[in-house]
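4 protein chains.
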Amino acid sequence: MFFASDNCGPAHPAVMQAVMDANTGYQPSYGDEPLMDEVRSQLRKLFEAPEAAIYLVATGTAANALTLSTLSQPWQTLFCTPLSHIHTDECNAPEFFTGGAKLSLVGTSDKMTPADLTQAVEGWVLGDVHVSQRGAVSLTQATDKGHVYTPGELSALTSVAHSYGLPVHIDGARFSNAIAALGCSPAELSWKAGIDTLCFGGTKNGCMSVEAVIFFDPKHAWEFELRRKRGAQLFSKHRYLSAQMIGYLANDLWLENAKTANARTAHLANGMRVVHGFELLADPQANEIFANLPRCTHQRLQDAGAQYSLFGPLQGDNPDESLSMRLVCDWSITVDQIDQFVRIASGKD
Amino acid sequence: MFFASDNCGPAHPAVMQAVMDANTGYQPSYGDEPLMDEVRSQLRKLFEAPEAAIYLVATGTAANALTLSTLSQPWQTLFCTPLSHIHTDECNAPEFFTGGAKLSLVGTSDKMTPADLTQAVEGWVLGDVHVSQRGAVSLTQATDKGHVYTPGELSALTSVAHSYGLPVHIDGARFSNAIAALGCSPAELSWKAGIDTLCFGGTKNGCMSVEAVIFFDPKHAWEFELRRKRGAQLFSKHRYLSAQMIGYLANDLWLENAKTANARTAHLANGMRVVHGFELLADPQANEIFANLPRCTHQRLQDAGAQYSLFGPLQGDNPDESLSMRLVCDWSITVDQIDQFVRIASGKD
Amino acid sequence: MFFASDNCGPAHPAVMQAVMDANTGYQPSYGDEPLMDEVRSQLRKLFEAPEAAIYLVATGTAANALTLSTLSQPWQTLFCTPLSHIHTDECNAPEFFTGGAKLSLVGTSDKMTPADLTQAVEGWVLGDVHVSQRGAVSLTQATDKGHVYTPGELSALTSVAHSYGLPVHIDGARFSNAIAALGCSPAELSWKAGIDTLCFGGTKNGCMSVEAVIFFDPKHAWEFELRRKRGAQLFSKHRYLSAQMIGYLANDLWLENAKTANARTAHLANGMRVVHGFELLADPQANEIFANLPRCTHQRLQDAGAQYSLFGPLQGDNPDESLSMRLVCDWSITVDQIDQFVRIASGKD
Amino acid sequence: MFFASDNCGPAHPAVMQAVMDANTGYQPSYGDEPLMDEVRSQLRKLFEAPEAAIYLVATGTAANALTLSTLSQPWQTLFCTPLSHIHTDECNAPEFFTGGAKLSLVGTSDKMTPADLTQAVEGWVLGDVHVSQRGAVSLTQATDKGHVYTPGELSALTSVAHSYGLPVHIDGARFSNAIAALGCSPAELSWKAGIDTLCFGGTKNGCMSVEAVIFFDPKHAWEFELRRKRGAQLFSKHRYLSAQMIGYLANDLWLENAKTANARTAHLANGMRVVHGFELLADPQANEIFANLPRCTHQRLQDAGAQYSLFGPLQGDNPDESLSMRLVCDWSITVDQIDQFVRIASGKD
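Residue numbers (the working numbering), protein chains in the order written: chain A, 1 to 349; chain B, 350 to 698; chain C, 699 to 1047; chain D, 1048 to 1396.
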């Protein structure tokens, strides 16, 4: 009953097999291996983006921070929601890699609206040397509350951003889950909706540690390569990053894993709906559930070894007090585990 | 006939097996998995350093830059040789991670002497607010020319550094090769010789991508953890770093691989000694050979598909002109390949 | 009728005279001149802080950014209000000088409360390596809306900060105006209220360009000196900074100027109260007025050459529409100018 | 007898008068005052550069560091001599303001040659992502040893730099002294010789604290303005910087002061030539003398209150030991002081 994070599950056997397959003989280092050519070719095809500049790095924070720094100047402010991972969970990595850019928080929830974005951008007066200059917009897809932006919602946001000359970045650690939820194509959910660069996550969805950075316009390619090296993310034995991505792309594993994770999440949410005191805090659209449960139910679950994020003290006088939680399903969670969790929550186990 | 770099060879099967073994079920993320406890325990034992703070990162540049930044202030100058990797091959990563520290070049070769170091440190006047302040000393072991510092040589250098209050760091991408060459213990070649922190390389010597950072004095532990996260080197599915190191440490694979690589290098150097026009530029003590060969011999080798670093133009009028080269043996190079290389160089093939 | 900013007025003749007096013969450079000893001595006496480390820099942004960087680590977040100058008017200078620290915005107005501060600090979980670490608190006194914190209010805030181990900084570009408004001593409004460091402004209140940085605990002194030099704020002919401060401190000019500016502001506010459509947006406690006026009144004032910050378009269909404004009185503004302004606003001129 | 530094002398009365003249009434702040228009106009005329972008900052370190950062990327290496002020005397300010660029040291003396520069630039392989990328070239004029580059020497160096696409910067803290020494025009010694940007010093040559930054190609203007603000060097009461420069330019004071300083230096060198044991270490072409004197002569001078930089211990057994020294003449030093110094050195006083 492991719902703590999609970072806690294993890598998919097909990814591991691809890594093993790559482990033969000598290969050029630093991304010059033929396998990376294959990655580039496949991702360009998948995204219908024959000109895209494509790179691999090993962590989501690296993907975001290096990409944003390439799109930014240190005297600018980036725009993101207050719940975005780059603001809440990266210990100032964006500020570090950009050389001191500011993050301006847009709106109050996990999804920003065009009105929110307009207001935030207008908050920094154009052409005034005293203020932070307007910089890139960063969206999270799927969001940090498990929601998705539709292509139409993205287009509306990128229209605003582009009207100010600002590029748009997607933190796509769970981009595959968004695709799985929306049923649209990768192109529809990225450049066709005006997205300039995408961090396409692999780690949370079945890989060991690999994220693809995709610049749909390759003009920043060389700068990114320099920033990647200087940022200590250019891997010498790069073939193992490439191999993971090869395994991830083959047979649409990236999509199948995401569909599985989303379906399991829906199954879990559905099962929990009848549990006493269970209240959804957000509509689960991808692979995360944010909800409330009574303390006594949490105690039962945790006693049974269930693992998930609990926000609030497990110990307390009031057994009926509602405490919020996050439940994440990765591609490897089984229906049995979910059903067991629901049974325990229901008091039936 | 692959002598281009120890970055081009495969990972050892035992390392890969350890990674596969780790790929089961759910595990805590970000280094909290039990496997990392095991890594910590084994490295402390290997280094006879029960208090050491130990971390894993994925690239040598990350290991060096994060460690040096933890030991430094941005208004200081680090001290390293002009041939050190941190100066010549990291695209300003040390300057970036330290927030703008300077690198002062010590001496003129790959090994610094106490006199060189003293002169360099004295070059920056103590207590003068106008000048770069004296900072950490960085040594490379084995060096960038394939040499090793003996424990005595290290002690002499750390004595100088410590007399000025400066900590000493080792870039140990090829530390195992130095151990194999010298036959001393890891402790003798590190803290017992006054070394404060060591980057203990795995990638070049049989792993996919893992380097251990060892602070023999744990006082900087928490700062390093923050710098690692902010520097985008804290891996979510950290178990795969841990597993590599587990496989690398088991049965002294780290040492066996290094011994093999060094022995192959000696075999190659020995074979080449009789080749017409072959001149060693440096005494090969670890797994690198720097030497000259006539252009026509280079042409023969390259025509036969040999891969190595050639410094100078392969095309040229004078077939007898001497051009320098670097030959690196990794753990996986075979005696057959070496012998074939020598035969071709000798004109016997 | 110049109410645009206290940056637009002249320096006080006594300050200029002190500068002229200092312009004789040779003097040690870089703050080693005897005049700086005198500054240090006088400021320590004024603040009843015999141990304080005291430095001069030339701009308010430099004073704030250098001081905050000395109190911070680059992986921390500073805490300030959304209206604070360091957030709204310094083009990422704090982020730059700190090496990439974040600014967390506390509350929603120009004055933070202990509850606001507690909530903001608690928003960053202690000991979690993924999040920005808790850092220094920065208060502005007088605030960016012309308000003042009382000693009691400061003590309540510093108690919260210190309970978390966080130092407290004051951006005191208008600290003198706060002293003049409150009638308390400099010590009461700084270290006695728990303030750790103060930027004591001179520029806006009668100097050319000088700000004193006061560390009540001198433990950071040498680090600040290095940061000042590296930050390009160590003046070679430092005597001219010292001389300004000497002229500013003599005969309590700093206080007299502030009293004058505050009194003029009160006179202006009082005069405007009867003007049709005039609405105070904030209680003017120091030397700034934030208020509304009808568009037609603005037009009359601007046609007459009055200078001040108008927020909103002067041109517009509705002459009665209320547009907000900022009026600042510096020490040199005359009662005549103020009365003329009021007469024009009243339609009597 | 003050020969310690041109930073120790007073400002010229004409500069002070201009500052006093500017101290009347209200003026726009932050460089928008009419006086700055006048500065811009006069400097463009003086340099025959009608398109130049021109800014004022307050310290030489700020001028250099901000200008170099505008010309550079943080993954580049700048090129300068090992004696350059930006390397030896700015406590990593260039590294800080550039975001971590490296300084590569060119040649071994205070003047670099085209061959030195070519060798240094070629040392960093083009297009290799692993190495520091080639960046701006920084020259010092007059140099840190009191020498000057002729227009021909500059052209030869800028030709090399431009052949690699690298911009050339001049640290011109003593640029006026070079003009005075060479008798050529400011244009001949800057853009006509291929210089891209010049820091035109005022502080050392009769001002309080002002340096002009001149971009002969204005394409970097807005970026520089942002960097200046973010670097805390945009002065609110900017009029006092402008006024100094106005006073400095009027009646060619900048040139007259430099001529005086150079002439005094020549007079001093001439007088010293007959002093027992006096050995010039470098040909004094501007306003600095580097020379040796016996210890006993130093003792006599210092006993008499002479102030200058002495390199080596005044106390010592051997009264005849030669110790080196630096003597600097500013515009205000008198012939009497010089003659007195020479008399004491000669043992005639």
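Where a beta carbon is used, it is the ideal one built from N, C-alpha and C, also for glycine.
Between D/A1148 and chain B, the shortest Cβ-Cβ separation is below 8 Å. Look at A/G135 here: in three-state DSSP terms it is strand. With a cut-off of 8 Å on Cβ pairs, the stretch 139-153 of chain A is in contact with the stretch 169-185 of chain A, counting three or more such pairs. Judged by DSSP in its simplified three-state form, B/L475 adopts coil rather than helix or strand. With a threshold of 16 other beta carbon atoms within 10 Å, B/R483 meets it and is buried. Taking C-beta separations shorter than 6 Å and ignoring five residues to either side along the sequence, the partners of A/Q233 in its chain run V57, A62, following chain order. Taken in chain order, the members of the stretch 465-483 of chain B whose beta-carbon sits within less than 8 Å of a beta-carbon on chain D are V478, H479, V480, S481, Q482.
Not a single C-beta of chain D is nearer than 8 Å to the C-beta of A/L241. By the rule that beta-carbons nearer than 8 Å mark a contact, B/L575 touches chain A.
Straight through space, the alpha carbons of D/I1217 and C/L978 are spaced by roughly 53 Å. Listed along the chain, the chain B residues whose CB falls inside 7 Å of the CB of D/D1053 amount to none; the nearest CB is some 16 Å away. The residue from A/N287, A/R273, A/L249, A/D320 with its alpha-carbon nearest to that of A/S41 is A/L249.
If you ignore the 5 residues before and after B/F660, its C-beta comes within less than 6 Å of the C-beta of S673, all in its own chain and listed in chain order. Counting only Cβ-Cβ distances below 7 Å, B/M365 has contacts in chain A at M20, N23, in chain order.
In this structure, C/H860 keeps its C-beta atom at 8 Å or more from the C-beta atom of C/K809. With a minimum length of 4 residues, the unbroken runs of alpha helix (DSSP H) contained wholly in the stretch 168-201 of chain A fall at 175-182. Residue contact with chain C for A/W75: present (Cβ-Cβ distance below 8 Å to some residue of chain C). Boundaries cannot be given for C/R971, as no beta strand (DSSP E) includes it and DSSP labels it neither H nor E. In the three-state reduction of the DSSP assignment, A/F3 falls in the coil class, being assigned neither a helical nor a strand state.
Per DSSP, the beta bridge partners of A/V57 are A/E211.
Taking 9 Å as the Cβ-Cβ cut-off, the stretch 932-963 of chain C approaches chain D at L932, F933, S934, K935, H936, R937, Y938, L939, given in chain order. Fully contained in the stretch 1060-1146 of chain D are the following alpha helix (DSSP H) runs of length 4 or more, in chain order: 1060-1069, 1081-1093, 1107-1118, 1132-1135, 1140-1145. Its chain contains I1042 as the residues whose beta carbon lies nearer than 6 Å to that of C/A1002, once the 5 sequence neighbours on both sides are disregarded; these appear in chain order.
Here DSSP, grouped into helix, strand and coil, assigns D/Q1384 to helix. Under the 8 Å Cβ criterion, the stretch 64-84 of chain A counts as touching the stretch 105-124 of chain A, having at least three qualifying pairs. With a cut-off of 8 Å on Cβ pairs, the stretch 642-652 of chain B is not in contact with the stretch 593-611 of chain B, counting fewer than three such pairs. Straight-line measurement puts the Cα of D/T1155 at about 7 Å from the Cα of D/T1128.
In the three-state scheme derived from DSSP, where H, G and I count as helix and E and B as strand, C/F988 is classed as strand. C/Q983 is not bridged by DSSP to any residue. Of all residues in the stretch 81-94 of chain A, the ones placed with a Cβ closer than 7 Å to any Cβ belonging to chain B are C91, N92, A93, in chain order. Shortest Cα-Cα distance from D/E1085 to any of D/A1316, D/G1324, D/M1292 involves D/M1292. Annotation: D/E1137 to B/T408 spans about 32 Å, alpha carbon to alpha carbon. Judged by DSSP in its simplified three-state form, C/S807 adopts coil rather than helix or strand. Taking 8 Å as the cut-off, the Cβ atoms of C/R872 and C/G899 count as close. Looking at the DSSP output, C/L1025 bridges to C/I987. Residue contact check for C/F988 against chain A: no CB pair falls below 8 Å.
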